[in-house]
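Report on one structure; see the data block that follows.
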Amino acid sequence: MRNRTTSRRWFGAALSVTAAAVVALSPATAVAAPSTAADAARLVAETGQQLTGLDEQIHQARITVAAQQQAAAAAALLAAQAQAVLDGYSPQLRAIAQTAATSQSRMAAFLTSDSAADVVQQMTTLDLIAAHTEGLLAEISVAQRAADQARADADAAAAQAAAALAELDRQQAEVQSRVSAYEADFARLSAAEQAVVTATLAGPALPPPPTASVVAGAPSAAAGGIVQAALAQVGKPYVWGSSGPSGFDCSGLTSFAYSAAGVQLPHSSRAQSQLGAPVSRAELQPGDIVYFYSPVSHVGIYIGDGKMVHARTYGQPVAVTSVDQRGYAGARRVL
């Protein structure tokens, strides 16, 4: 353990990143300066938890941006379809113009005609043409308004998606900056202090059970494949925002493992915690997703015997731990 003088040299740096994270998440909370190395370790652990929450907010923002981009694409398609309908009236508009020119010639002819029957016939013809033209122009007017509105909707949707993407980029840059500062603070801790942080955030790692026995105890071949895929990642580093294959965050690992069974999960612990059916602690089966905290900001995969595999936290590789971790909030069965 470092002495107090050594520990205090980096307290300012640890405090700065932690205070920044606290301001973003709960502006009213004041952060007291630590006075011991143990307090500093606790402070770094709190920062790690806050960054996990921010990471989840980024995942949620990605889902929102993707939905807005899809909405913009759909609006653009509707605008193109509306314009195509409008363009379809072009031959009829040309016919109207041609008919108008012909009608003018006919009008001049029947006005000088000495036959009353010819006058009546010409008037009837002109009335029919006028009625047809009026109806057609009304249709074209409706099509024009629809095309204009569709273009306006598409432009608005595209602008909203672009603004959301720009905000997402800003948030990601901000979180990455905080992550870098957190990593530097974590590295300043002694090995014992780092162990305190890890235990606080994720609990101690346990020896992985034999994969074959875990797979054999799974309720289905698909669940067995999920567990097998997750256990194969044990030892790989925790990487914020990553879904593998060289490193993972928590929801990235679950997404990666479930993809082995052909199931695509959103890269978001909160979104994953809303999938499938709820499962009680006593009814957990291998392959179930377990989630933590409120709001949800961490997930893992249950492997049986009270254990789970998960991407725990920065500085610690993917590992098997007890499922009974701080903040346990529930489980979902997706398969």
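Residues -32 to -1, 1 to 303, numbered by mature numbering (1 follows the signal peptide of the UniProt record, and there is no 0), are exactly what the sequence shown covers, in order. Idealized CB from N, CA, C, for every residue including glycine.
Proximity below 9 Å, CB of residue i to CB of residue j
i, j, result
"T289", "A173", "yes"
"S214", "H27", "no"
"A239", "S219", "yes"
"L46", "A122", "yes"
"A120", "Q49", "no"
"Q112", "W208", "no"
"P280", "A287", "With the sequence shown as reference, residue 280 is identified as Arg, and Pro is not the correct amino acid for it. Yes, these two residues count as a Cβ contact at 9 Å."
"V195", "T179", "yes"
"T20", "L169", "yes"
"A225", "Q242", "no"
Per-residue burial, residue i [other beta carbons within 10 Å of its own, 16 or more giving buried]
i, result
"V110", "exposed"
"E107", "exposed"
"S58", "exposed"
"E135", "exposed"
"A149", "buried"
"D55", "exposed"
"A84", "The predicted position of A84 is uncertain, since its pLDDT is 49 and thus under 50; a value taken from the coordinates is nonetheless stated next. That one is exposed."
"D217", "buried"
"Q38", "exposed"
"P263", "exposed"
"G230", "exposed"
"A131", "exposed"
"S188", "exposed"
Spatial neighbours of residue i in its chain, beta-carbon cut-off 8 Å, leaving aside the 5 residues before and after
i, result
"A184", "G192"
"K275", "L174, P177, V288, T289, S290 and V291"
"Y206", "G215, F216, D217, A279, R280, T281, Y282, G283, Q284, P285 and V286"
Residue i to residue j span [Cα, whole Å]
i, j, result
"G298", "Y259", "6 Å"
"V247", "R301", "6 Å"
"A186", "Q232", "20 Å"
"R62", "Q139", "54 Å"
"L303", "H278", "19 Å"
"Y261", "A127", "35 Å"
"A198", "V147", "25 Å"
"S227", "V53", "42 Å"
"A40", "S210", "27 Å"
"T166", "A250", "27 Å"
"G171", "L221", "18 Å"
"P(-6)", "L22", "Because the pLDDT of P(-6) is 37, which lies under 50, any placement of that residue in the model is unreliable, and the number read from its coordinates should be weighed accordingly. Rounded to the nearest angstrom, the two C-alpha atoms are 14 Å apart."
"R156", "A245", "43 Å"
"residue 307", "G268", "The structure shown has nothing for residue 307, since the chain only spans -32 to 303."
"Q42", "G212", "The amino acid at residue 42 is misidentified as Gln; the sequence shows Ala. Their backbone Cα atoms lie some 31 Å apart in a straight line."
"Y296", "A29", "24 Å"
"A34", "E14", "31 Å"
"A115", "P234", "35 Å"
"S158", "A152", "12 Å"
"S223", "E102", "59 Å"
Beta carbon proximity, residue i to chain D, threshold 9 Å
i, result
"Q293", "Here there is only one protein chain, and chain D is not present."
Proximal residues to residue i (C-beta, below 7 Å), its chain only, five neighbours per side dropped
i, result
"Q162", "F154 and G283"
"E24", "S236, S237, R238 and S265"
"Q60", "L104"
"G272", "V182, G185 and P254"
"L133", "V33"
"D137", "none"
Cβ neighbours of residue i in the same chain (closer than 6 Å, five flanking residues each side left out)
i, result
"D256", "V247, Y270, A299 and R301"
"G203", "P285"
"S181", "none"
"A44", "A122"
"A141", "none"
"A129", "Q36, Q37 and A40"
"Q51", "A115"
"T(-28)", "In this prediction, T(-28) has a pLDDT of 38, which is less than 50 and means its spatial position is unreliable; nothing more can be read from the coordinates."
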